[in-house]
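**Q** So the number in my numbering is just where the residue sits in the sequence shown, counting from 1, plus 469.
The beta-carbon is built from N, C-alpha and C at its ideal position, and this holds for glycine as well.
Here it is, the structure in full.
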Amino acid sequence: MHFVLIGASGRTGQLVVKDALLKGHTVTALVRRPDALNASSELQNKENNARVAIVTGSPTSEADLKKAFSTVPDFTKGITKPDAVIVTLAHSQASGNPFSAPIVPKNFMADVHSTLLKAMAEAGINKIVTMSAFGSGNTQKNLNFMLKALFKYSGMRDGMEDHGEVEKRIVAQSKTGKLQYVLVRPPMLTDGPAAAVKDRGELGDDMGMMDKISRASTADFLVDAAAEQKWNGRSLVISN
Numbered sequence: 470m471h472f473v474l475i476g477a478s479g480r481t482g483q484l485v486v487k488d489a490l491l492k493g494h495t496v497t498a499l500v501r502r503p504d505a506l507n508a509s510s511e512l513q514n515k516e517n518n519a520r521v522a523i524v525t526g527s528p529t530s531e532a533d534l535k536k537a538f539s540t541v542p543d544f545t546k547g548i549t550k551p552d553a554v555i556v557t558l559a560h561s562q563a564s565g566n567p568f569s570a571p572i573v574p575k576n577f578m579a580d581v582h583s584t585l586l587k588a589m590a591e592a593g594i595n596k597i598v599t600m601s602a603f604g605s606g607n608t609q610k611n612l613n614f615m616l617k618a619l620f621k622y623s624g625m626r627d628g629m630e631d632h633g634e635v636e637k638r639i640v641a642q643s644k645t646g647k648l649q650y651v652l653v654r655p656p657m658l659t660d661g662p663a664a665a666v667k668d669r670g671e672l673g674d675d676m677g678m679m680d681k682i683s684r685a686s687t688a689d690f691l692v693d694a695a696a697e698q699k700w701n702g703r704s705l706v707i708s709n
C-alpha cells in the first residue's frame, strides 16, 4: 500500500517510515527539512530509497499537501493516489521540560487537520490515521491526579487541548460518510524496542499511572491501522 506521512521527520514519524518499508509499503513524506529524514539509515539503502518520496513543504499549506498526494516514489507503479494518510505531528515545546512554552500556535495540529481533511476530500483520499494522546478529549477523566495537574498547569496543556480539537474535527468530518479514521491514543512514549500492543479501549479505563508504550510499538500500530480495516472508526488507547 502507499501512504502519505505528515510528521515524518519526528522521532515517531521516522519509525513509521522504517516500519512501513519493512512491511513492503511505499511512503511519501511531507517534511519542512528533507535532511532530517534523509539522514535515516533506512534511506541509505538503495532499494528503500526508491520506495520513499520526499516532498519539501508544510502541512499548513494546501498546495504542499496536494503536491504530496500526487507525488509517488520511483518504486510505485500504477498508483494514482495514496491509500491513507498517517499523521504523527506533535504540539512542540521549547524543550523537553513539560513546563516549557509551546513553540507552535495554540491550535496548530487542529488547523493542520482542517487543511489536511479539505485537501484529502478534494483528492478523493478517504482514510486518515492520526496519533493523538491518552489524556486528550474524553480520556482525560481516566488520568491519575498527578497527570491531570501536569496537563492542566504546564506547557503541555495547549498540546492536550489541541489533540482534543483534532479528534473533534476528524470525527465531525467522518459523519459525512466520506472519511474513515483511526485515532490512536498512546500514553507516555519511550525509546524502547517494539513489543506487543494492548488495545485499552476508547477511554483507557484500566490504565495505570505507569503505563507506557514505545515509539517503535506505536509506529508499528499506526502502519497496521492504515493498512487494515479492523480499527476503522475507532479512537483507542494503546500501551505495551
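1) Taking Cβ to Cβ, would you say Phe-620 is nearer than 8 Å to Gly-606?
2) DSSP state of Ala-477, grouped into three classes?
3) Are the stretch 520 to 536 and the stretch 480 to 498 in contact at 8 Å, needing three or more beta carbon pairs?
4) Quick test of your reading: Gly-673 and Thr-608, contact by CB under 8 Å. State the CB separation rounded to the nearest angstrom.
5) Is it buried or exposed, Asp-543, if we count other Cβ atoms within 10 angstroms and call 16 or more buried?
6) Leaving out the 5 sequence neighbours to the left and right, which residues in its chain are closer than 7 Å to Ala-602 when beta-carbon positions are compared?
7) Strictly by DSSP, which residues pair up with Arg-703?
8) Below 6 Å CB to CB, which residues in the same chain sit around Leu-648 once its five sequence neighbours on both sides are set aside?
9) Can you tell me where the alpha helix (DSSP H) holding Val-640 begins and where it ends?
10) With distances taken from CA atoms, which of Ser-478, Ile-475, Arg-480, Thr-495 is nearest Ala-696?
11) For the beta strand (DSSP E) containing Ser-683, list its first residue and its last residue.
12) Three Cβ pairs or more, each shorter than 8 Å: is that satisfied between the stretch 579 to 593 and the stretch 685 to 700?
13) In whole angstroms, what is the alpha-carbon distance linking Ser-561 and Thr-645?
14) Would you mind working out which of Asp-693, Asp-504, Val-556, Asp-552 sits nearest Pro-528, comparing C-alpha positions?
15) Identify whether Thr-687 lies in helix, strand or coil by the three-state DSSP scheme.
16) Ignore the nearest five residues each way along the sequence and tell me which others in Glu-531's own chain have a CB closer than 6 Å to its CB.
17) Which residues does DSSP pair with Asp-668 in a beta bridge?
18) Can you confirm whether Ala-696, when its beta carbon is compared against all beta carbons of chain B, has any partner nearer than 8 Å?
19) Let's test the definition: count the other Cβ atoms within 10 Å of the Cβ of Asp-731 and tell me whether it reaches 16, buried, or not, exposed.
**A** On the basis of the data shown:
1) no
2) coil
3) yes
4) 6 Å
5) exposed
6) Met-629, His-632, Arg-654, Pro-655
7) Val-651
8) Asn-595, Gln-642
9) 626 to 643
10) Thr-495
11) 681 to 683
12) no
13) 31 Å
14) Val-556
15) helix
16) Thr-584, Ala-588
17) Ile-707
18) Judged by its chain identifiers, the structure shown contains no chain B, having just a single protein chain.
19) A query on residue 731 cannot be resolved here, the shown segment of the chain reaching from 470 to 709 and no further.
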